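Structure first, then comments.
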Amino acid sequence: MSEVINEVRKGFYLDSVALMRLSAEIVALGGIDDAVLMIGTPANLQIMKDAGILNDTGAAASPNDLVIALRADGKSSANRALAQAQKSLEGGALKSSASDLQSRTLRGALSSHSGANLALISTPGTYAGREARQALELGLNVMVFSDNVSLAQETSLKLQAREQGLLVMGPDCGTAYINGVPLAFANAVATGSTGVIAASGTGLQEFSVLLSKLGGGIRHGIGVGGRDLSDAIGAISTLTAIDLLAADDDVRQIVLISKPPGQTTAKLVFDKLATCGKPVIACVFGADESSLPAGIQHAATLRQAAELAAGKTLVTDNPKPSVEALIAGMGEGRRRTIGLYTGGTLCTEAMLVMRQQGLTVCSNTSADGDDTDAQHRLLDLGADEYTVGRPHPMIEPAVRTPLLSEAITSADTAVVLLDLVLGFGAHDNPAASIVEAIEEAQAGAQNTADGPLLIASICGTDDDPQGFRQQRAALRSAGVVICDSNSDAAGLAAQIAQKIG
Amino acid sequence: MSATDLLKDGPSVIGAGLPRFVDDLQSQGVAASAVDWRPPASSDPAVLQAAESLSIGSVAALIDKANDEASQRMHSADPMLIDVKLAADVIEGLGDHKILHAGPPIDWKDMCGPMQGAICGAIVLEGWAKNLDAAAKLADSGKIEFEPNHHHNAVGPMTGMTTQSMPLMVVKNLTHGNEAYCAINEGLGKVMRFGGNDDSVLERLRWLSSTLGPLLADTLLARDGVGLKNIIARGLSMGDEMHQRNVACTSLMMRELAPTMARVADPETAFEVLEFIAGNDQFFLNIAMAMGKAIMDPVRDIGGSSIVTAMSRNGTNFGIRVSGCGDQWFTAPVEMPRGLYFPGFTEKDANPDMGDSTIVETIGLGGFAMAASPAVAGFVGAGGAADAAAFTNQMTEITHARNPEWTIPALDFAGVPSGIDVRKVVSSGITPTINTGIAHREPGIGQVGAGVVNAPLACFEQACVALAERMSAS
C-alpha cells in the first residue's frame, strides 16, 4: 500500500534547481516511490496535484512555503525520507564535487598558467607530434619524452622551433636539467656550471650523478633525442643547444654525450663546439679520439667525462674486492656474463667497456644486433621489444625479475651485470625486485656458494626520493657487489671474464 | 618565451601525459601544471588532419585574424529591443501555408512528436485547417512550406514556431544596423514551444497577438527601446545565465517597461500584461535569443573565420553554421539532455534536444556562463559554485576570446567565454555545454524537465573539414 505524505515548511525558500536535486536524492531512498520538494506556488501545486502526490496538507501551502511531498510504501519509509530531506535542507543542500578543473589542452592550461615556458609532452607517441606542434604554436619550448614520433615530424618540429627561437628536446628525451631543475627521469644533483648536451636519458643521469659526487654541478642538461645527430635531422637541436650554452654566462664548460654523429653532421657539430669559446668535453660512445678536432677533450666513459669536468678523480666509497677473491668459490663451467639493464645508454657503455677488453659482447643496443648464444650478452630492457604494452623498466623494474631469475639459476652464468637507476620518475624502490629475485633463486638452489656473481652500479644520489644509501644497503645485504660507476661495474665484469675465460 | 629565456629563468612547465612528472616538479617547488590530456575524441584521421592544418603556421594566423574580426563584431554589437511587429510585416515571404521552425532544415516526416504537434497547432491558429487532425493531413500533403527561422533573421525556442500572424519582438543591432526577431514567450505549462496545441494554447497565443504584443510595442516606441547589453551584464551578476535562468533579467526588463507601460496603457490592460510577465521567469529568454541572433548575424560571412555563428536543433538534428563557411549547415543527430525531471516524469518521457535557443550559448551565455548561475549547474552533478565555474572554465578552451563587458563576479569578473572556435572543439574533444529545457516526446504535454546537453562533435568535425577545404582552395 503506498501512502502520500505531505509536509509544509512555512516561510522557507530554496532555489528550484536545488530542490529538484534534493527530490532526486530522496526518491533514491528505499521504500520511496516518488518525492517532490517544491515551493508552494499555484503552478507548482498544480504540477504536484497532476502527479498525484499532493494531499490537503500540501494544498494549503502558500508561495512562501516549501512543500515536501512523498509517496512511500509505508509510514516508516516516509518518516525516514522526511528526516533525510530536513537534514539535507539544514546541511547546505548543494556541495561542489569537483576540485579545480584541469585543462584538457595545452592552450587551456597556458591561459591559467601564463608564465609557462616549457611543455613536457609524455603522451603516447602517436599524439606527441601533434601536441608538440601545438606547444610551438603557443610559443612554448618543448621537451618530448614520448618516443615513436616519426623522423619527418621530428625534422619539421625542430625546423619550426629554430625559426621561432625555441628549443625542442627529444623526441624520446627521458632526462633534462634546465637551470638546475631536473625534468622527467632525472636525479637530485648539485647545480653548477657545467652544461651538457646529451642524446636522451641515462647517459645524462649517470654523468650528472658522478659529477655531483665529484663536487661539480649541472647548470643545464639538454636532451636532444637519439636521432638529432643523425644526418637525417642534421643536429638541429644540438646546434641550438651549443649556441644557448655558449651564450649563457653561468655555463663554464660544455659536455657532449652521444653516439657517433652522422658523417656530415659530425663536422658541423664538432666545428661549432671547437669554436664556441668554452672548454668542451666529448663522450662519444664508440668514436675514435682522432675523429675529434683539437681543443675538444675526449672521454671514453661517463666516469671519465665527469672526472674531466670536475678536474679530479672519483674517490671510491665502495670496497674493492680482488677478482681472485670474487671468483674463488664459483662453480665450474660458469663463463657467461649476462647484463640486464634498465638504462639504454648504460647498457651501451657497458658493452663498449667490455669490448675494449677484447671480449665478444652482443647487445640489442648495438648495430650488429642481439645474439642469444653469445658468450656475453647485455640487454637494454627499455628497448621496444621489451616494453610493448608494458611500462618502462625504470618505472616498473619487476619486468626484469623473470630474466634475472633465469640468469641466476642458469648453470653457465658467471656474472650478472645490473644497473639501478634512482631519481625522479623512477620506481619508488627498484632494489626490492632485485633482492626478491635473488632470494627466490637462492631458496631453490642446492648450493648457494657456487652461484654467479652479481655486480651492479647505482645511478643515484642521497637526495633522490629513493635514497641512495638505503638502496645500496639493500643490494649489498643480498650479496650484490656495488661499483662506483656503470663503467667500473662493466670493467670488473670484463676482468672476471678474462680471468675465467 | 625564447629558448634563451627558458635557460635564464628556469623552467615553468605545462605537462601533458604522465602526471608524475608534474607532481615531481611541484614537489620541488617548480611552477608546473598538468593538462588533463586524453586522446583526441575524433577517430577519423582526415578530421584530425584538417583541424591541425587549420591550427598551424600561416593558415592559423589567417584564421586567428578572421576570428579577431568576428570577436570584434560580436563585442561591438549594440543590441536594443525596439519594437514588436507582425511576423508577416518583418519576414519577407512569410504568408499563407508557410511555417518557420527551429533548427536546421527538416521535412515533415522527419520531425519529432512535439515539432509535429506544434506545426498542427500553428496551422489551426492560422486557420489553414479546422482542427488538429485536418492540420496533420495538410502538413503531410506537402502543401505547407517549412523553413528554418535562421534563414529569416529569426529564432524561436524549442519547436520555434513562427507564422505570419504572430507578433515578433524586434531587436536591432545599432552598431551593424541589422534586425533579428523572436516570438513572445508563452509562459510555463502547456505551450506551443513544447508541442502544446490545444485550445488553451491557441487562446494564449491569440492574447499575445491582440493584447501583450501591441502594448509592448507601444511601450517600446514610447521610450525608444530598451538597451540589452547592460541588462545582460547586470543579470549575470544577479545569478542569470539567460538560458535556464532569466529571473533577474525578466525583473530588470519589467523595471524598464513598467513605468512607461503605466502611462501608455489603460490600467486593466497594463495589469494583465505585467501580471503575465511577472508570472513567467523565462519571459526574457526570447528577448535574449533575438539579441543573440542580432549579434551573430553580422559575423556570418567572414572569410577564413572558424567561429560558430549559429547552433540550433530541430528535435531530430543539431546544426551549426561557421562564419568562414557562410550559411552552410553542418548537422548531426541531436543528443538527449541529462537533467532533472518534474514530478511524474522521467527520462523515458523526454524528447531529444530541440530549439534555436542555443543561439544564447553561441554568444557566450547559457552553459558558457554557468559560473554566474551555480543553481543551474545543479541540473547535472551536485551543482555547487565550483562545479558551475568548472563548466565556464572548460568553455574557455574552445572559445576565441572573453567578452569584456559581460563579466562574472564569481570568476573575479572574468568575461564570459565568447566565440566558439570549431578547431578548438575538434582538437580538444570538448563540445559546447548547452543548458536546455526538456520537452515531452509526445506532442501537447509540454515541458517535463530541464538539464544540460552537449553539441554533437560530428557537426564541428564536418565544419573543420569544410573549412580546411576552403582554406586550401583559396
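The listed protein sequences derive, respectively, from chains A and B.
Number 55 in the numbering used here belongs to position 65 of the first sequence; there are no gaps in the numbering.
Number 477 in the numbering used here belongs to position 465 of the second sequence; there are no gaps in the numbering.
No residue lacks a Cβ here, since even glycine has one placed at the ideal position from N, Cα and C.
Just so we're clear, the structure is a prediction, and the values are computed from it rather than from any experiment.
7 Å CB neighbourhood of residue i in its chain, flanking five on each side removed
i              : result
alanine 454(B) : As written in the sequence, residue 454(B) is glutamate, which differs from the alanine given in the question. Once the five neighbours on either side are set aside, the close Cβ partners of glutamate 454(B) are Gly125.
valine 438(B)  : Ser54, Val59, Ala63, Phe472, Glu473 and Cys476
leucine 8(B)   : Summary: the structure shown does not reach residue 8(B), with chain B confined to residues 13 through 486, and so no result is reported for it.
Spatial neighbours of residue i in its chain, beta-carbon cut-off 6 Å, leaving aside the 5 residues before and after
i                : result
glutamine 347(A) : Ala484
alanine 130(B)   : Thr171, Met173, Met204 and Gly207
valine 34(B)     : Gly27, Ala44 and Ala46
alanine 464(A)   : Ala421 and Val425
lysine 249(A)    : Phe275
glycine 215(A)   : Gly160, Pro161, Asp162 and Cys163
Neighbour flag for residue i against chain A, beta carbons, 8 Å
i                    : result
threonine 408(B)     : yes
arginine 216(B)      : no
serine 55(B)         : no
threonine 443(B)     : no
phenylalanine 391(B) : yes
phenylalanine 380(B) : no
leucine 200(B)       : yes
alanine 383(B)       : no
Neighbour flag for residue i against chain E, beta carbons, 8 Å
i              : result
arginine 97(A) : Although the question refers to chain E, the structure presented lacks it and instead comprises the protein chains A and B.
Contact with chain B by residue i, beta-carbon distance below 8 Å
i                : result
serine 136(A)    : yes
tyrosine 3(A)    : no
glutamate 121(A) : yes
aspartate 40(A)  : yes
histidine 382(A) : no
threonine 332(A) : no
serine 66(A)     : no
serine 101(A)    : yes
Whole-angstrom C-beta distance between residue j and residue i, which should lie under 8 Å
i                 : j                : result
isoleucine 446(B) : glycine 378(B)   : 6 Å
isoleucine -3(A)  : leucine 72(A)    : Just to set this straight, residue -3(A) is glutamate in the shown sequence, not isoleucine. Glutamate -3(A) to leucine 72(A), Cβ: 6 Å. Contact.
valine 259(A)     : glutamine 287(A) : Rounded, the Cβ-Cβ distance is 15 Å, inconsistent with contact.
isoleucine 212(A) : alanine 166(A)   : 6 Å
leucine 286(B)    : alanine 270(B)   : 6 Å
alanine 151(A)    : leucine 110(A)   : The pair is not a contact, with the Cβ atoms about 15 Å apart (cut-off 8 Å).
glycine 338(B)    : arginine 312(B)  : 7 Å
isoleucine 168(A) : proline 23(B)    : 4 Å
Three-state secondary structure assigned by DSSP to residue i
i                 : result
lysine 148(A)     : helix
proline 179(B)    : strand
threonine 265(A)  : coil
glycine 413(A)    : coil
serine 87(A)      : Low per-residue confidence applies at serine 87(A): pLDDT is 48, beneath 50, and the placement is therefore not dependable, though the value from the model is reported in the following sentence. Three-state result, serine 87(A): coil.
cysteine 163(A)   : coil
histidine 87(B)   : helix
lysine 65(A)      : helix
arginine 235(B)   : coil
serine 477(A)     : helix
isoleucine -5(A)  : strand
tryptophan 49(B)  : coil
isoleucine 226(A) : helix
glycine 216(A)    : coil
Residues of its chain near residue i, where Cβ-Cβ distance is below 8 Å and the 5 sequence neighbours each way are ignored
i                : result
tryptophan 49(B) : Ala28 and Gly29
glutamate 375(A) : Asn354
valine 7(A)      : none
The stretch 70 to 86 of chain B: positions lying closer than 8 Å to chain A by Cβ: Ala72
For the stretch 351 to 364 of chain B, which residues have a CB atom closer than 9 Å to at least one CB atom of chain A, in sequence order? Gly351, Leu352, Tyr353, Phe354, Pro355, Gly356 and Phe357
Mind checking the stretch 241 to 260 of chain A against chain B and listing, in chain order, the residues whose C-beta falls within less than 7 Å of any C-beta there? none
Would you list, in chain order, the members of the stretch 412 to 438 of chain B that have their beta-carbon closer than 9 Å to a beta-carbon of chain A? Lys436
Proximal residues, the stretch 322 to 348 of chain B versus chain A, C-beta separation under 7 Å: none
For the stretch 407 to 440 of chain A, which residues have a CB atom closer than 8 Å to at least one CB atom of chain B, in sequence order? Phe414 and Gly415
Interface residues of the stretch 22 to 34 of chain A facing chain B [CB-CB below 7 Å]: Asp24, Val26 and Ala33
Of all the residues that make up the stretch 217 to 228 of chain B, which are near chain A by a beta-carbon distance shorter than 8 Å? none
Interfacial residues, the stretch 39 to 53 of chain B to chain A, with Cβ spacing under 9 Å: Ser39, Gln40, Val42, Ala43, Ala44, Ser45, Ala46, Val47, Asp48, Trp49, Arg50, Pro51 and Pro52
Please name the residues in the stretch 280 to 298 of chain B whose beta-carbon is closer than 7 Å to at least one beta-carbon of chain A, in chain order. none
Listed in chain order, which residues of the stretch 196 to 227 of chain A have Cβ atoms closer than 7 Å to some Cβ of chain B? His210
Closer than 8 Å, Cβ to Cβ, to anything on chain A: give me those residues from the stretch 20 to 34 of chain B, in chain order. Lys20, Asp21, Gly22, Pro23, Ser24, Val25, Ile26, Gly27, Ala28, Gly29, Leu30, Arg32, Phe33 and Val34
With 7 Å as the limit, tell me which residues of the stretch 117 to 128 of chain B have their beta carbon closer than that to any beta carbon of chain A; keep them in chain order. none
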